[in-house]
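By our numbering, the letter at position 111 of the sequence shown is numbered 102, and the numbering carries on one by one without gaps. C-beta: ideal position from N, C-alpha, C; glycine also. Quick caveat, the model's predicted, so the values are computed rather than measured.
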Amino acid sequence: MNEVVGLQKPHFVLVHGVCHGAWCWYKIRCLMETSGYKVTCLDLKSAGIDQSNPNTILTFDEYNAPLIDFLSNLPNDEKVILVGHSAGGLSLTDAIHRFPKRIHLAIYVAANMLKHGFSSDQDFKDGDPDVSEYGEIADLEYGMGLDEPPTSVIIKEEFQKRILYQMSPKEDSILASMLLRAGPIRAFKGARFEGGKDADCVPRVYIKTLHDHILRPVQQEAMIKRWQPCQVFELESDHSPFFSAPSLLFKVIVEAAAAITCN
-8 MNEVVGLQKP HFVLVHGVCH GAWCWYKIRC LMETSGYKVT CLDLKSAGID QSNPNTILTF
52 DEYNAPLIDF LSNLPNDEKV ILVGHSAGGL SLTDAIHRFP KRIHLAIYVA ANMLKHGFSS
112 DQDFKDGDPD VSEYGEIADL EYGMGLDEPP TSVIIKEEFQ KRILYQMSPK EDSILASMLL
172 RAGPIRAFKG ARFEGGKDAD CVPRVYIKTL HDHILRPVQQ EAMIKRWQPC QVFELESDHS
232 PFFSAPSLLF KVIVEAAAAI TCN
């Protein structure tokens, strides 16, 4: 494809966001595999078919262990392209700090792109969804007791189509309503990353979703300005372009991979 990925087509590793799982990438995986790419879709702890209780996942290290374990076990001569959606961006950044030499490229799709995670008030302003205008949209669980912060969260079913999938086909929003699981909010809020000395050597691309009701375009732009990627793409999409604009998302991901060299 180019001098970075050589003659072999790249290996894409797709990382879901909060409450979702590997299943949410089914359209993108199909497009990639049909085009001859190698694709891995992971379930992080307590997501998808992983049976862990989200109320017991209290640290981001625990939550992100499946991705870290996957990268740890890669052959020494193999590199991958990471694609992270929404809170999956935190997983990518964690991986960048830990395994910069095993990552060709990190692609953030409507995602948290915070160099050190939620380490400052500005990080929370830029990366924490503000959906207060919609009212009480989430069900919270308090696995450590009512006097402690919540341990898991899920958007109530009646708000999911309106906030997550307002431009997506109805069949996909229905599928999601059947498969979404509570996410370990305590782990996300505590996501903080030390500065790996080679982290900035990993090229990054950001894909903005212009009709996003979860991570507003102004928040996405703020993160882009603070930790500038090599390239920025824009999609006329809701927060979930793997449902609402799969062909365009696939095209942009492949284009980003082809232009992997970052000046």
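Q. When the distance is taken between beta carbons, is Ala101 closer than 8 angstroms to Ser77?
A. Against a cut-off of 8 angstroms, the Cβ pair of Ala101 and Ser77 comes out as a contact.
Q: Identify whether Gln211 lies in helix, strand or coil by the three-state DSSP scheme.
A: Helix, per DSSP.
Q: Could you tell me which residues DSSP puts in a beta bridge with Asp130?
A: Answer by DSSP bridge pairing, in chain order: Ile145.
Q: Have a look at Phe179, Phe224, Asp85 and Phe241 and flag the residue whose alpha-carbon is nearest the alpha-carbon of Thr47.
A: Residue Phe179 is the option with its Cα nearest to Thr47.
Q) In chain order, what residues of the same chain have a beta carbon less than 6 angstroms from the beta carbon of Arg93, not counting five sequence neighbours either side? A) Correct list, in chain order: Leu62, Leu65 and Lys70.
Q: Answer yes or no: does any C-beta atom of chain B fall closer than 8 angstroms to that of Glu149?
A: Protein chain content of the structure displayed is limited to a single chain, and chain B is not contained in it.
Q) CB-CB under 7 angstroms to Ala250, same chain, minus the five flanking residues each way: which ones, in chain order? A) Within the same chain, Cβ atoms closer than 7 angstroms to the Cβ of Ala250 are found at Gln222, the five residues on either side in sequence being excluded.
(Q) For Ala213 and His204, what's the separation of their Cα atoms in angstroms? (A) Straight-line Cα distance between these residues: approximately 16 angstroms.
(Q) According to DSSP, Lys199 sits in a beta bridge with which residue or residues? (A) Lys199 is bridged to Glu225.
(Q) Assuming contact is defined by CB atoms lying nearer than 8 angstroms, are Arg183 and Phe109 in contact in what I supplied? (A) Yes, Cβ-Cβ distance for Arg183 and Phe109 is below 8 angstroms.
(Q) I need the boundaries of the beta strand (DSSP E) containing Lys29, first residue and last residue. (A) Counting along the chain, the unbroken beta strand (DSSP E) around Lys29 starts and ends at Lys29 to Leu33.
Q.
Using a 10 Å radius around the Cβ and a threshold of 16 neighbouring Cβ atoms, would you call Ile72 buried or exposed?
A. Buried.
Q) If you compare alpha carbons, which of Gly79, Pro194, Gly8 and Val4 is closest to Lys29? A) Looking only at Gly79, Pro194, Gly8 and Val4, the smallest Cα-Cα distance to Lys29 is reached by Val4.
Q: May I have the straight-line CA-CA distance separating Lys36 from Ala129, to the nearest angstrom?
A: If I take the Cα positions, the gap works out to 20 angstroms.
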